[in-house]
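Peer 1:
Number of protein chains: 2
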Amino acid sequence: MKLEMELKSTRPIPAKQRAVLNILFTASWLDCYITRQLRPYGLTGPQYNILRILNGSFPKGLSVLDIKSRMLDRSSNVSRLVEKLRLSGFVERVPHGRDRRMVIVTISETGKKLLSDIEKAQVIESNSGAGSKLTEAEALELAHLLDKFRE
Amino acid sequence: MKLEMELKSTRPIPAKQRAVLNILFTASWLDCYITRQLRPYGLTGPQYNILRILNGSFPKGLSVLDIKSRMLDRSSNVSRLVEKLRLSGFVERVPHGRDRRMVIVTISETGKKLLSDIEKAQVIESNSGAGSKLTEAEALELAHLLDKFRE
DNA sequence: TTTGTTTAAGTGTTAAAACATTTAAGTTTG
DNA sequence: CAAACTTAAATGTTTTAACACTTAAACAAA
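Order-wise, the sequence lines are chains A and B. End of the first sequence sits at 151 in my numbering; the numbers just go up one at a time, nothing left out. End of the second sequence sits at 302 in my numbering; the numbers just go up one at a time, nothing left out.
In structure tokens:
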């Protein structure tokens, strides 16, 4: 549905403002979608984000700050999120050898198993999920315009 | 900066996933930007959203549910947000005549003054703000692709 | 009417975000 | 070396989000 319809806007919205509102609205919509997808697995969005970051760097681990710098939401409190993931058994924490201030976080086998379960479930419904109506070219164009938006 | 750089991604990201990540990342970036803009005025993003909705419907007011259905973030607790705005003097609440379950919320003169102050300040720096690098046509295209993304 | 259902708004509670502050280890410089 | 500074992680606190639940009014049907 078009943004104006979603927001029940009466008067026309200027182009740039429409872009701003649409980014915020779509992100909220997407966030809600992702939260629903993750609920059965007992993960929140930021926790899932961390697991995927660690999976991408596996078998190497990352420090807390390294994780934070790669997150979608940079205001996340990574220490606490990692601690929750550790309690659930999805990551492991080992102190850094040289620099004893640092802690290196690594995804566990359980964590990797969880990610692959989630991925499988999403692949099954990937043709009906978020962004499924976009062609590859449109998806690329969208990402490019968003990059330009932040300049 | 391109998303891959922002997220320090090593391997290439598939197009649709890039779109998803970029929407979430850009929204978080934008949210941070807006929060900073609004801070001097003592408003949060959702509060500002409500004020603008009420300004758009002025002089008519809206019920709590009407406001909610027009908000960017539909999970907002409008009752509490409206109460805060009322305590700050930016909105007024009057019980609905016929249906005594409803409350009609209207923006006050103080609230309208606040909005115009904020707008003026943003116009001044509108050439350096969010989305300023996009042309009108690109902004429209971006909004259109986001509409399609949610289908 | 009275019973049940739906709708609007508000409230209670838990968890998370936001932001500042603290602790401890490492670095730099006089 | 010692003091000052910087950096990494954790913690404290306040606010807000998220979600369920309550209350009260309107509506619908027996």
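Just so you know, even glycine gets a beta-carbon here, dropped at the ideal spot from N, CA and C. Given the structure is predicted, the values throughout are model-derived calculations rather than measurements.
Interface residues of chain B around A/Glu-141 at Cβ under 8 angstroms?
Peer 2: As a position in the first sequence, residue 141 of chain A is number 141, starting the count at 1. Going along chain B in sequence order, the residues near A/Glu-141 (Cβ under 8 angstroms) are Glu-292 and Leu-296.
Peer 1: Please decide whether B/Ser-179 counts as near chain A, where near means a Cβ-Cβ distance under 7 angstroms.
Peer 2: Numbered from 1 along the second sequence, position 28 holds the residue referred to as residue 179 of chain B. Yes - at least one Cβ of chain A is within 7 angstroms of the one on B/Ser-179.
Peer 1: Would B/Phe-300 count as contacting chain A if we go by Cβ distances under 7 angstroms?
Peer 2: The sequence position of residue 300 of chain B within the second sequence is 149, counting from 1. So yes, B/Phe-300 belongs to the interface.
Peer 1: Pick from A/Asp-99, A/Arg-98 and A/Ile-107: whose alpha carbon is nearest that of A/Arg-86?
Peer 2: One-based indexing of the first sequence puts residue 86 of chain A at position 86. Closest option to A/Arg-86, Cα to Cα, is A/Ile-107.
Peer 1: Less than 8 angstroms between the CB atoms is what I'm expecting for A/Gly-61 and A/Ile-104, so what's the real figure, rounded?
Peer 2: Indexing the first sequence from 1 puts residue 61 of chain A at position 61. Indexing the first sequence from 1 puts residue 104 of chain A at position 104. Going by Cβ atoms, the distance from A/Gly-61 to A/Ile-104 rounds to 4 angstroms, so yes, they are a contact pair.
Peer 1: Straight-line CA distance for B/Asn-228 to A/Arg-100?
Peer 2: Along the second sequence, one-based indexing puts residue 228 of chain B at 77. Along the first sequence, one-based indexing puts residue 100 of chain A at 100. Their Cα atoms are separated by approximately 44 angstroms.
Peer 1: Counting contacts by CB-CB distance shorter than 7 angstroms, is A/Lys-16 in contact with chain B?
Peer 2: Within the first sequence, numbered from 1, the residue matching residue 16 of chain A stands at position 16. So yes, A/Lys-16 belongs to the interface.
Peer 1: So what's B/Leu-214 in DSSP terms, helix, strand or just coil?
Peer 2: By 1-based counting over the second sequence, the position of residue 214 of chain B is 63. Reading the sequence as shown, one finds Ser at residue 214 of chain B and not Leu. Three-state DSSP puts B/Ser-214 in a strand.
Peer 1: Once the 5 residues before and after B/His-295 are set aside, which same chain residues still bring their CB inside 7 angstroms of it?
Peer 2: As a first step, residue 295 of chain B is located in the second sequence; it is residue number 144 there, counting from the start. Result list for B/His-295: empty, nothing under 7 angstroms.
Peer 1: CB A/Thr-26 to CB B/Ile-174, shorter than 7 angstroms?
Peer 2: Translated into positions along the first sequence, residue 26 of chain A becomes position 26. Translated into positions along the second sequence, residue 174 of chain B becomes position 23. Their beta carbons are under 7 angstroms apart, which means A/Thr-26 touches B/Ile-174 by this criterion.
Peer 1: Can A/Ala-139 and B/Gly-282 be called in contact, C-beta distance under 7 angstroms?
Peer 2: What you label residue 139 of chain A is simply residue 139 of the first sequence in a count that begins at 1. What you label residue 282 of chain B is simply residue 131 of the second sequence in a count that begins at 1. No, the Cβ-Cβ distance between A/Ala-139 and B/Gly-282 is not below 7 angstroms.
Peer 1: Residues of chain A with CB under 8 angstroms from B/Asn-173, in chain order?
Peer 2: Residue mapping note: residue 173 of chain B aligns to position 22 of the second sequence, counting from 1. Per Cβ cutoff of 8 angstroms: Leu-142, Ala-143, Leu-146 and Asp-147.
Peer 1: Does B/Pro-191 come out as helix, strand or coil in the three-state DSSP assignment?
Peer 2: Here residue 191 of chain B refers to the residue found at position 40 of the second sequence. Three-state DSSP puts B/Pro-191 in a helix.
Peer 1: Would you mind sorting A/Val-94 into buried or exposed? The rule is 16 or more other CB atoms within 10 Å of its CB.
Peer 2: Residue mapping note: residue 94 of chain A aligns to position 94 of the first sequence, counting from 1. Exposed, because fewer than 16 other Cβ atoms sit within 10 Å of the Cβ of A/Val-94.
Peer 1: What distance in whole Å lies between the Cβ atoms of B/Leu-266 and B/Leu-202, which are believed to be in contact at a cut-off of 8 angstroms?
Peer 2: Stepping through the second sequence from its first residue, residue 202 of chain B is reached at position 51. Stepping through the second sequence from its first residue, residue 266 of chain B is reached at position 115. So it is a contact: roughly 6 angstroms between Cβ atoms.
Peer 1: Give me the residue from A/Glu-6, A/Pro-46 and A/Gly-97 with the minimum Cα distance to A/Trp-29.
Peer 2: To locate residue 29 of chain A, count along the first sequence from 1; it is residue 29. It is A/Glu-6.
Peer 1: Do you know whose CA, among B/Ser-220, B/Val-215 and B/Pro-191, lies nearest B/Arg-231's CA?
Peer 2: Indexing the second sequence from 1 puts residue 231 of chain B at position 80. Out of B/Ser-220, B/Val-215 and B/Pro-191, B/Val-215 has the C-alpha closest to the C-alpha of B/Arg-231.
Peer 1: Under a Cβ-count criterion, where at least 16 other Cβ atoms within 10 Å of its own Cβ denotes burial, should A/Val-123 be classed as buried or exposed?
Peer 2: Numbered from its first residue, the first sequence carries residue 123 of chain A at position 123. So A/Val-123 ends up on the exposed side.
Peer 1: Check B/Glu-243 in the structure and name its three-state DSSP category.
Peer 2: Here residue 243 of chain B corresponds to residue number 92 of the second sequence, with the count starting at 1. Correct three-state label for B/Glu-243: strand.
Peer 1: For B/Phe-176, would you say it is in contact with chain A, using Cβ-to-Cβ distances shorter than 7 angstroms as the test?
Peer 2: Reading the second sequence from its first residue, position 25 is the one you call residue 176 of chain B. For B/Phe-176, the answer is yes, since a Cβ of chain A falls inside 7 angstroms of its Cβ.
Peer 1: With 7 angstroms as the threshold, decide whether the Cβ of A/Ala-121 is near any Cβ in chain B.
Peer 2: Translated into positions along the first sequence, residue 121 of chain A becomes position 121. A/Ala-121 does not count as touching chain B.
Peer 1: Could you list which residues in chain A have their beta carbon closer than 7 angstroms to that of B/Ser-220, in chain order?
Peer 2: The sequence position of residue 220 of chain B within the second sequence is 69, counting from 1. By Cβ distance, chain A contributes Lys-8.
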